[in-house]
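Each residue of the sequence shown is one higher than the last, beginning at 0 in numbering that gives the first Met the number 0. Note that CB positions come from ideal geometry on N, CA and C, so glycine has one too. First comes the structure, then the notes that go with it.
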Amino acid sequence: MPRLLSPPRGFTIVELTVVLVIVSLILGGLMLSLTATRDVASLRDTQRQLTEIKDALLGFSAANGRLPCPASGTSNGLESFCTNDTGGCGALIIPPTPMPGHGRCSNPFDGFLPAVTLGLSGLDANGYALDSWGSPASRFRYALADGTINGITHPFSAASGMKNATMASISATTPLLSVCSAADGISGGTCTAATMLTNSAVAVIFSPGSNAMTGGTGADEAANLDGDAVFVSHPTTTAGAAGGEFDDLVLWISPNLLFNRLIAAGKLP
């Protein structure tokens, strides 16, 4: 009697479940790897952008004898001035309207990079420069030191302001813009000695990092967006760190670097 062949046995539900779990783990690992690779590339590209921005700001200063004002949230990437030299800012003055003689910026500490004024490329639809994460919240931020030095108001944005204030007086003035290593080291409008990275930055430029869309809720990132003259910079930390999640990329320009460019361009002394 011929032997009957049994039909081929399929996979059991348990076996299929195991296979699906393994595939899911592999795909999850690949996704994490791709995300990490993408973040590393974005970090590297944003650091390069920051260097190019610094060079553009120094180039602008060499050509004009001053630094540009930050852009406001409505100036479409152009530097933005106040109508009034004191008190309320008044209506914004935006190019091509000529800049006011006093040079007062509308958003000295909480503005955006004036990328259109600087002639930079890679802008969003409204004229703002984005970091390499490229989200709507990824606009580069820019702050400029303000105040009065040697009797000259708004010396860094007014025409001939630095020349009239003199290099010696600018060098002796602190704080200008301060950068601390932690928000809990901010005191009296500058940094404590233990957290001070600089208290004499002329300009601060920063990217809000990969978490720009969700927004870090820690004190250290909040310090960079609170509209004052003190900023925080340190390596990336997670939400469990003392200052909370932090991935801002911060760069600043010192008076001496600025003087060097202006002297070479014949704008100083």
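Asked, Found
"Applying the criterion that 16 or more other CB atoms from any shown protein chain within 10 Å of the CB defines a buried residue, is ARG140 buried or exposed?", "buried"
"Can you check which of these residues, VAL231, ALA157, SER131 and ALA142, is closest to THR189 by C-alpha distance?", "VAL231"
"Any chance the stretch 134-152 sits against the stretch 163-181, with 3 or more Cβ pairs inside 8 Å?", "yes"
"When DSSP labels each residue in this structure, what does ILE93 get in the three-state scheme?", "coil"
"Within the continuous beta strand (DSSP E) that includes CYS205, where are the two ends?", "The residue you asked about is not Cys; residue 205 is Phe in the sequence shown. Counting along the chain, the beta strand (DSSP E) containing PHE205 begins and ends at 202-206."
"Evaluate LEU257 with the Cβ neighbour count: other Cβ atoms within 10 Å of its Cβ, from every protein chain shown; 16 or more gives buried, anything less gives exposed.", "buried"
"Would a C-beta distance cut-off of 8 Å place SER206 and LEU49 closer than the cut-off?", "yes"
"Could you check if PRO67 is buried or exposed, using at least 16 other CB atoms within 10 Å of its CB as the buried criterion?", "buried"
"Output the boundary residues of the alpha helix (DSSP H) element that contains ARG260.", "254-263"
"Taking DSSP as the reference, what is the three-state secondary structure of PHE59?", "helix"
"Please state the DSSP three-state secondary structure of MET98.", "coil"
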